[in-house]
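Working notes, structure below.
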Amino acid sequence: MRSVIKPSAYFDSVTLMLVQRDVRQLPGIEEAGAVMGTDANKELLRDAGLLTPEAEAARPDDLILAVRATSDEAAVAAVTAAETLLTQRRETAATGTYRPKTVGTAVRTLAGANLALISVPGRFAAGVAKEALAAGLHVMLFSDNVPLDAEIELKQTAVARGLLLMGPDCGTAIIGGTGLGFANHVRRGTIGIVGAAGTGIQEVASLVHRGGAGVSHAIGTGGRDLSQAVGGLTALAGISALASDPGTEVIVLISKPPSPEVAARLLGAVRLARKPVVINFVGASVAGEGSLHGAQTLEEAAHTAVTLVTGQPPRWHRWEALPAQEAGRLAPTQKYVRGLYSGGTLCYEALVLLHRYVGPVYSNTPLDPGYALESATRSHAHTVIDMGSDEFTVGRLHPMLDPTLRHQRLLREADDPEVAVILLDVVLGHGAHPDPARDLAPVIRQARARARTAGRWLPVVLSVCGTEEDPQGYETQVAALIEAGAMVQATNAQAVRLAGLIAEAAGSTGSTRQAVEIPAPSPSQPLPDASRILSLLHGPPRVVNVGLDLFAESLAAQGAETVAVDWHPPAGGKQKLIDLLDKLNA
Numbered sequence: 082m083r084s085v086i087k088p089s090a091y092f093d094s095v096t097l098m099l100v101q102r103d104v105r106q107l108p109g110i111e112e113a114g115a116v117m118g119t120d121a122n123k124e125l126l127r128d129a130g131l132l133t134p135e136a137e138a139a140r141p142d143d144l145i146l147a148v149r150a151t152s153d154e155a156a157v158a159a160v161t162a163a164e165t166l167l168t169q170r171r172e173t174a175a176t177g178t179y180r181p182k183t184v185g186t187a188v189r190t191l192a193g194a195n196l197a198l199i200s201v202p203g204r205f206a207a208g209v210a211k212e213a214l215a216a217g218l219h220v221m222l223f224s225d226n227v228p229l230d231a232e233i234e235l236k237q238t239a240v241a242r243g244l245l246l247m248g249p250d251c252g253t254a255i256i257g258g259t260g261l262g263f264a265n266h267v268r269r270g271t272i273g274i275v276g277a278a279g280t281g282i283q284e285v286a287s288l289v290h291r292g293g294a295g296v297s298h299a300i301g302t303g304g305r306d307l308s309q310a311v312g313g314l315t316a317l318a319g320i321s322a323l324a325s326d327p328g329t330e331v332i333v334l335i336s337k338p339p340s341p342e343v344a345a346r347l348l349g350a351v352r353l354a355r356k357p358v359v360i361n362f363v364g365a366s367v368a369g370e371g372s373l374h375g376a377q378t379l380e381e382a383a384h385t386a387v388t389l390v391t392g393q394p395p396r397w398h399r400w401e402a403l404p405a406q407e408a409g410r411l412a413p414t415q416k417y418v419r420g421l422y423s424g425g426t427l428c429y430e431a432l433v434l435l436h437r438y439v440g441p442v443y444s445n446t447p448l449d450p451g452y453a454l455e456s457a458t459r460s461h462a463h464t465v466i467d468m469g470s471d472e473f474t475v476g477r478l479h480p481m482l483d484p485t486l487r488h489q490r491l492l493r494e495a496d497d498p499e500v501a502v503i504l505l506d507v508v509l510g511h512g513a514h515p516d517p518a519r520d521l522a523p524v525i526r527q528a529r530a531r532a533r534t535a536g537r538w539l540p541v542v543l544s545v546c547g548t549e550e551d552p553q554g555y556e557t558q559v560a561a562l563i564e565a566g567a568m569v570q571a572t573n574a575q576a577v578r579l580a581g582l583i584a585e586a587a588g589s590t591g592s593t594r595q596a597v598e599i600p601a602p603s604p605s606q607p608l609p610d611a612s613r614i615l616s617l618l619h620g621p622p623r624v625v626n627v628g629l630d631l632f633a634e635s636l637a638a639q640g641a642e643t644v645a646v647d648w649h650p651p652a653g654g655k656q657k658l659i660d661l662l663d664k665l666n667a
């Protein structure tokens, strides 16, 4: 085992995990770590058997490179390779570009800067967001693990200043045709989206594009925005902005079921929009009335919105599939659906829709706490897993970037004689894996071949969330996955239905699940003033990127005016000094 400590050498987490992934693949390497020297990261190294005395002594702003190898030569080569990869990343990021040290300096550097995209570690994110709001910037806060009280304070500040604060934990937005975070490349159009659901926004936006219409803007809110504590502050601001935006004709609102109070408030607000509004509270039923249209699925939300705008229902490509024929090829032991999802909202929709075909489904994010898996690493009966949840992503890349864990799990599920069908999602777009089908197709072939060797037929059903304009290319991805033997469906809802019908034909019994009750609209309150948000929507955003270089690179590829801040943790990441600075600045 060998470790190297680089004092005061900060790199963002995605850069380090990409290097870590590449080093793990080198000859003779059993395990590798590339992390900053925080206490939490040291625990990850300890769990992996990589915590050397030198690493134990590292400071929070020190870089730790650690490897365990079959030989000292392999370990030395791996550490050298890691250093080279990091040097190349830093040189690429710095080529010909001035990187200011603070948000304030960045605003002075980029004339007309109007949006901060923040993706620093959660414990620092609120401070950076405060700095951005103070500088008059709208904010997309990608960072998660931001305390709830900090979120409430930030959003109240944003509302008071007429600014838009998307997040925390906001993974997707589209502003003026520019994708922020994980977003698909869709044509401009007249359908606006407000969503507390990252892959929900991606699914609807992609289906709108493939249905012949386009997206004006997509405003992400963060997953907690529609809780009673936060009160839907960002959602209300987004609805107000899109209601006032002359380029938006139809509004789509997407989320898991909100708290009853917030749901009533939102239903009251959309009545003031004076535009058609399509609502999909996944797992809840919203009654249509006047210009309000309820949708049961993300697919139905996109279908309704496109029809309202174009006057014609969209026609997405349909691939023929015969569930009874697939079920007839299964062995008697094969009974269960196993879903392995990278998108949290797509996973949630799968749990809701599968119920009618197979009954309750086990998960690490279950609809009913009684169906929580004892361990997310072991399936039981019908199981659908969100592989983007914390238990799979601590110290690792999200599966939309690095699908290694999902591929390993797919092969384990394929070896289970009780598995009747495997259900997957593939998410394209800016920030995602550059070619997911290239890596997934051989795994699907291997899984089906292993099942055949054991005398079993194994259907693999999936949907691809994306467009032909995405960097990965929708049609190219679909063709590669079909050629590998997958049964590709146009939408997540269609893929779930097909998997459910196969399991139902194989003997599973569904049941009716009571939809979440949505209360009547509360008395309409005036929508918040959206004039400053409208100025953001009227032109391409000019972005101050603080955090992941991945996002700055994505923005540059889209032609967006961007300045990247050379951000480092304040006070070297030492919490006592940070607390002291906060008191001095209070």
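Numbering (the working numbering), first residue to last: 82 to 667. Just so you know, even glycine gets a beta-carbon here, dropped at the ideal spot from N, CA and C. This structure is a prediction, so every number in the text was calculated from the model and none was measured.
DSSP beta-bridge partners of residue i
i      : result
Ala318 : Answer by DSSP bridge pairing: none, since Ala318 is not bridged.
Gly301 : Gly276
Arg269 : Val296
Gly375 : Ile360
Gly114 : Ala147
Tyr422 : Asp467
Ile86  : Ile145
Asn626 : Leu198, Ala645
Cys546 : Val508
Leu246 : Val220
Ile583 : Bridge partners of Ile583: none, in fact.
Outcome for residue i when other beta-carbon atoms lying within 10 angstroms are tallied against a minimum of 16
i      : result
Arg396 : exposed
Asn361 : buried
Glu284 : buried
Tyr422 : buried
Gly400 : Contrary to the premise, residue 400 reads as Trp rather than Gly in this sequence. Exposed is the call here.
Thr458 : exposed
Gly620 : exposed
Val475 : exposed
Pro108 : exposed
Gln393 : exposed
Thr176 : Bear in mind that the predicted position of Thr176 carries a pLDDT of just 47, short of 50, making it unreliable; the figure below should be weighed with that in mind. So Thr176 counts as exposed.
Arg533 : exposed
Ala495 : buried
Pro141 : buried
Gln558 : buried
Asp120 : exposed
Leu403 : exposed
Gly451 : exposed
Asp153 : exposed
Helix, strand or coil at residue i [DSSP, three-state]
i      : result
His649 : coil
Phe92  : coil
His514 : coil
Ser589 : coil
Gly260 : strand
Glu370 : strand
Thr176 : Because the pLDDT at Thr176 is just 47, under 50, the model does not fix this residue reliably, and the point stays unresolved.
Gln595 : coil
Identity of the residue in the options nearest residue i by Cα
i      : options                        : result
Val201 : Gly262, Arg305, Gly469, Thr548 : Gly262
Asp449 : Leu478, Ala596, Glu380         : Ala596
Tyr417 : Leu403, Gly409, Val439, Thr426 : Val439
Gln309 : Asp230, Phe92, His436, Ser321  : Asp230
Ala163 : Gln101, Val289, Ala299, Leu492 : Gln101
Ala277 : Tyr429, Val500, Thr178         : Tyr429
Asp483 : Phe92, Tyr91, Leu97, Leu432    : Leu97
Gly279 : Met247, Ser297, Thr329, His290 : Met247
Thr329 : Ser152, Leu454, Leu389, Ser366 : Leu389
Ala150 : Glu135, Thr165, Thr643, Leu131 : Leu131
Ile583 : Pro480, Gly258, Leu539, Thr548 : Leu539
Gln570 : Ala561, Ile282, His398         : His398
Met82  : Glu212, Ala408, Ala147         : Ala147
His436 : Lys123, Val646, Thr165, Thr590 : Thr590
Gly409 : Pro650, His463, Ala155, Ala586 : Ala586
Short CB-CB distance (under 7 Å) between residue i and chain C
i      : result
Val333 : No chain C appears in this structure, which consists of one protein chain only.
heavy atom of the ligand MN below 6 Å from residue i C-beta
i      : result
Val188 : Among the ligands in the structure shown, none appear at all, so the ligand MN cannot be discussed.
Taking contact to mean 3 or more Cβ pairs, one atom from each stretch, closer than 8 Å, check whether the segment 218-229 and the segment 189-197 are in contact. With contact defined as three or more Cβ pairs closer than 8 Å, the segment 218-229 and the segment 189-197 are in contact.
Pair every Cβ in the segment 344-355 with every Cβ in the segment 304-320, then say whether three or more of these pairs are closer than 8 Å. A contact exists between the segment 344-355 and the segment 304-320.
Check whether the segment 574-594 and the segment 492-510 touch, using three or more Cβ-Cβ pairs below 8 Å as the test. Yes, the segment 574-594 is in contact with the segment 492-510.
When you compare the segment 555-569 with the segment 328-335, are there three or more beta-carbon pairs, one atom per stretch, that lie closer than 8 Å? Counting Cβ pairs under 8 Å, fewer than three are found: no touch.
Sufficient close CB pairs (3 or more, under 8 Å) joining the segment 578-591 to the segment 318-328: No, the segment 578-591 does not touch the segment 318-328.
Per the contact definition of three or more C-beta pairs closer than 8 Å, is the segment 249-258 in contact with the segment 352-359? Fewer than three Cβ pairs drawn from the segment 352-359 and the segment 249-258 lie within less than 8 Å of each other, which leaves the two stretches out of contact.
Sufficient close CB pairs (3 or more, under 8 Å) joining the segment 266-273 to the segment 287-296: Enough Cβ pairs lie closer than 8 Å, so yes.
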